[in-house]
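Visitor: After the structure tokens below, expect a handful of questions from me.
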Amino acid sequence: MGRKSKKNRLYSRDQGGELRYYADLRDFADVGGGREAMCPRGSQRATTDDLLAQQLLADRIRELEARRRRKQRGEPLEEAALPGYAAEHLTAKARSGNVTEQWLEAAEAHLLAGIEFFCNGGRPVAKTTDGEPILAGVSTRELSSIGVEEVEKYVAWLSERPNRKGGSLSPSSQRKYLNSLSNLFRRAIGQQRVGVGHNPVSALMDKPQDGEGRGEAGWLEVPDAALLLESARVYRPRREDIAMPFVHPLLASFLLTGGRPSEVLGLEVGDVSFTRRTVTFRPNKWRRLKTGMSHRSVTLWPQLEEILSEYLGSDVAPPTDGLLFPSVKGTGMITDVRKMIDNVAVSVGWKRGEVRPYAFRHTYTAARLQTIDHGAPVAQYTVAKELGHGGDALIKRVYGHLGTVRHRSAHVEYRVEQHQESLAPRLRLIRADAA
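Using my numbering, you'd call the opening residue of the sequence shown number 383 and step up by one each time.
Spelled out as structure tokens, the structure:
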């Protein structure tokens with residue numbers, strides 16, 4: 383062992399002909415100090431540079447002194463800092479198995495925005511060619527130093543952040559960014575990495591409200607839904623070898639169950655019961671459900687029964703123990719059907735991007751609210767349970783729509799034969815294209 387300096391605690395060891403530097407920090411043993419290698423950032427070996435070793439030692443002493451002060455104040459010994467703790471948090475979430483890959487990707491994007499604001503002066507973080515963030519040059523920031531006032535500034539910054547459509551983030555999107563940050567603070571509190579109750583997001587008085595500044599959600603009137611379904615029935619893709627062979631039954635399942643996009647895309651053949659006339663949404667290996675209330679059975683309406691019966695009896699029917707709508711690439715569950723919907727919708731006058739999967743959930747709700755249940759208008763609570771909600775508040779506030787075409791029926795259905803007069807010009811157009 384080389385000589386140890388009492389002044390700076392450094393000492394060196396000869397390792398393979400090189401002197402590598404270590405430090406004796408046992409006088410900080412009460413807060414984790416000991417004999418430690420002076421390793422530069424990103425290295426697992428002690429440095430051979432005397433000046434760098436002295437700088438590393440000074441940094442380590444400051445860290446241990448800060449820990450000792452926190453101990454004296456009764457605060458957590460080990461702080462949590464962005465962006466390192468964000469990675470730790472996401473890793474723990476992934477290991478728990480309680481979240482989906484989609485959730486993790488969204489949370490990572492939300493926390494990266496927080497790192498840009500709190501650690502990088504609001505500047506975008508550079509990324510690799512594979513899209514991975516490069517955090518080497520980004521400053522760290524202790525979570526305990528982030529207060530309510532700064533989170534308020536973060537909300538203002540988010541309100542001007544561009545979205546993928548060329549506009550700015552909506553209040554509901556801003557709320558999702560805040561939720562991800564709040565979730566990180568909750569973990570830090572539980573691990574005693576910040577003081578009890580230190581969650582500046584929860585303490586924020588005025589949070590962006592879901593739906594604030596937004597108009598009514600997109601949905602289709604019953605005649606329009608019937609037209610779209612007819613367009614799907616006669617739709618012929620340009621490349622049948624790579625196209626989905628179940629466009630019509632898939633859109634029918636969206637429109638006639640009210641399921642969330644992932645719920646419908648994750649249906650298995652066994653979830654459809656022609657005997658009980660039900661479609662059951664349950665968790666499986668392909669996807670989880672959003673909440674405990676999401677495990678439910680909905681009525682297999684006559685129109686959907688006809689369409690699925692024909693589909694499952696055809697040459698393109700999936701295996702009985704697999705997905706109802708499997709990926710044509712053989713990779714499991716389909717995750718994005720927007721392009722397919724666009725191809726069907728543009729043939730009857732909609733623009734690309736104008737009809738999206740969640741519009742079908744709203745459409746089903748509006749149509750279902752017009753049906754008769756045991757001789758009386760269906761209860762909103764009944765419809766809410768079919769959507770997988772715990773109560774009817776969202777039906778009243780979000781999903782319930784009053785269309786211009788209203789009629790009471792025993793079934794949810796979208797049949798073009800019932801709207802021939804209003805749809806005639808557009809029907810001739812799609813049938814001419816199909817011919």
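Here a beta-carbon is modelled for each residue, glycine too, at the ideal position from N, C-alpha and C.
(1) Going by the beta-carbon positions, is the gap between Gly825 and Phe663 smaller than 7 Å?
(2) Check the DSSP bridge columns for Leu563 and list the partner residues they point to.
(3) Nearest-angstrom Cα distance between Glu803 and Leu776?
(4) Apart from the five residues just before and just after Leu682, which ones in its own chain have a Cβ nearer than 6 Å to its Cβ?
(5) Using the C-alpha atoms, what's the distance from Leu610 back to Gly731?
(6) Return the chain-ordered list of same chain residues with a C-beta closer than 7 Å to the C-beta of His801, the five sequence neighbours on each side being excluded.
(7) What's the C-alpha gap between Thr786 and Thr673?
(8) Identify whether Ser791 lies in helix, strand or coil by the three-state DSSP scheme.
(9) Measuring alpha carbon to alpha carbon, tell me which of Ser552, Lys547, Val530, Val507 ends up nearest Leu540.
(10) Quick one: Cα of Ser550 to Cα of Ala538, how far?
(11) Measure the C-alpha to C-alpha separation of Asn502 and Leu438 and round it to an integer number of angstroms.
(12) If you check the beta carbons only, do Asp755 and Ala766 fall under 7 Å apart?
(13) Where does Val654 sit, in a helix, a strand or coil, going by DSSP?
(14) Just the Cα atoms here: how many angstroms apart are Val698 and Glu768?
(15) I'd like to know if the region 557–565 and the region 704–717 are in contact, where contact means that at least 3 CB-CB pairs between them fall below 8 Å.
(16) Locate the alpha helix (DSSP H) running through Val680, then write down its first and last residues.
(17) Between Ile812 and Ser729, how many whole angstroms is the CB-CB distance? I'm expecting something under 8 Å.
(18) What are the partner residues of Tyr403, as DSSP defines its beta bridges?
(19) With a Cβ-Cβ cutoff of 7 Å, do Val646 and Phe636 count as a contact?
(20) Distance check for Thr511 and Pro665, CA to CA, integer angstroms please.
(21) For a test of the three-state rule: what should DSSP assign to Phe707, helix, strand or coil?
(22) Assign Ile723 to buried or exposed, taking buried as 16 or more other Cβ atoms, counted over all protein chains shown, within 10 Å of its Cβ.
(23) Whole angstroms is fine: what's the gap from Thr429's alpha carbon to Ile497's?
(24) Which class does Ile754 belong to by DSSP, given the choice of helix, strand or coil?
(25) Does DSSP put Met715 in a helix, a strand or coil?
(26) According to DSSP, is Glu594 helix, strand or coil?
(27) Are three or more beta carbon pairs between the region 786–795 and the region 682–697 nearer than 8 Å?
(28) Determine the direct distance from the alpha carbon of Arg788 to that of Glu799, and round the result to whole angstroms.
(29) Which same chain residues, not among the five before or five after Arg391, have their C-beta less than 7 Å away from its C-beta?
(30) Going by beta-carbon coordinates alone, are Pro582 and Val616 separated by less than 7 Å?
(31) Tell whether a beta-carbon distance below 7 Å holds between Val576 and Leu525.
(32) Looking at the unbroken beta strand (DSSP E) that takes in Glu418, where does it start and where does it end?
(33) Taking 7 Å as the cut-off, decide whether the C-beta atoms of Trp601 and Thr745 are in contact.
(34) Closest to Ala462 by CA distance: which of Gln454, His471, Gly399, Tyr559 is it?
(35) By a C-beta neighbour count over all protein chains shown, 10 Å radius and 16 as the cutoff for buried, is Asp736 buried or exposed?
(36) Is the CB-CB distance between Phe499 and Tyr467 below 7 Å?
Guide: In terms of the structure at hand:
(1) There is no way to answer for residue 825, as the model of the chain reaches only from 383 to 817.
(2) Answer is none; Leu563 lacks a bridge partner.
(3) 34 Å
(4) Arg659, Thr660, Val661
(5) 10 Å
(6) Pro605, Ala608
(7) 33 Å
(8) strand
(9) Ser552
(10) 11 Å
(11) 23 Å
(12) no
(13) strand
(14) 29 Å
(15) no
(16) Run containing Val680: none in the alpha helix (DSSP H); it sits in the beta strand (DSSP E), 678–681.
(17) 6 Å
(18) Ser394
(19) yes
(20) 35 Å
(21) coil
(22) buried
(23) 30 Å
(24) strand
(25) strand
(26) For Glu594, the predicted structure reports a pLDDT of 45, less than 50, and the residue's modelled location is therefore unreliable. A value from the coordinates is still provided. Coil.
(27) yes
(28) 16 Å
(29) Ala405, Asp406, Leu407, Leu439
(30) no
(31) yes
(32) 417–419
(33) yes
(34) His471
(35) For clarity, residue 736 is Glu in the given sequence; the question names Asp instead. Its Cβ having fewer than 16 others within 10 Å, Glu736 is exposed.
(36) no
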